[in-house]
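Per our numbering, residue 5 is the first one in the sequence shown, and the count goes up by one each step. For every residue, glycine included, the Cβ atom is placed at its ideal position computed from N, Cα and C.
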Amino acid sequence: MISIFRVGQRIILRLGSRKITSRVSSYQSDWISVNLASSVALERGTVCEVACTTPGCSLLYFMQVLRTPEDTGREVVLRRNPRAGGNFNRRGWRVAVGLNAAIRRNGSPHFIDGVVHNLSMEGALVQTQARLSVNDTVDLKIDLKEGRPVLVNARVCRLEALQSAQGPSFRAGLEFTHVPGESRRALTMHLWRILREAHMNRKRERENGGA
């Protein structure tokens, strides 16, 4: 299995509202080991977001605490979330995309514009002025910049209210509940291209002595 991680790579762990910066001390195909401050309390089984930057691409990865500092002496071992699929971890990665989108609540006749900040085969993070609530079911149209927009059904899992010069908006974490076959193929190909390019950039960086 291909790994995006490397020893010494800077990562950011998101644990609830906390963001913790660390570096990879070792890795295998589906797990990484990182050093964390002793003040950071973690329990085995906790699922967290791991953000990392590769040349030309920013990625979010869902991982689970496999071993705590109490088990290893000082390091935390994180493994790929078992719920995520294989095949280059496509279902585990959330990729920063910045794609135009439109969203509507179930039963509403009109779509409202938004932006998809990150995307995976399982869900998306969307910013929109549409008034949403947690557990709302929605339709989401995503412009992948190639071919027709894809349409998926989703559930609002988490919601954050934002305030800007353009007025109030919401950042909504969506879990896809239904992805039609044509949309699934388009999403798979789009994410695969991004992840493959990230891997090739990393490979070129290593070949040029950047590792």
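For Trp35 and Gly12, the rounded distance between their alpha carbons | Roughly 15 angstroms between the two C-alpha positions.
Taking Cβ positions, are Arg83 and Leu63 nearer each other than 9 angstroms?
-> Contact: no.
Within 10 angstroms of the Cβ of Asn122, are there 16 or more other Cβ atoms? Answer buried if so, exposed if not.
-> So Asn122 ends up on the buried side.
The beta strand (DSSP E) enclosing Pro172, as first and last residue numbers = Start and end: Gly171 to His182.
Any idea what DSSP makes of Ser208, helix, strand or coil?
-> Reading off the sequence, residue 208 comes out as Arg, not Ser. Secondary structure at Arg208: helix, using DSSP grouped into helix, strand and coil.
When Val44, Met125, Tyr31 and Val81 are compared against Ala190, the one with the closest alpha-carbon | Among Val44, Met125, Tyr31 and Val81, the Cα nearest to that of Ala190 belongs to Met125.
Go through its chain and collect everything with a Cβ distance to Ala106's Cβ below 6 angstroms, but skip five positions before and after it.
-> Once the five neighbours on either side are set aside, the close Cβ partners of Ala106 are Phe115, Asp117 and Lys145.
May I ask which residues mark the beginning and end of the beta strand (DSSP E) holding Arg10?
-> Neither: Arg10 is in no beta strand (DSSP E) and is coded neither H nor E.
With DSSP run on the structure shown, which of helix, strand or coil describes His194?
-> It is helical.
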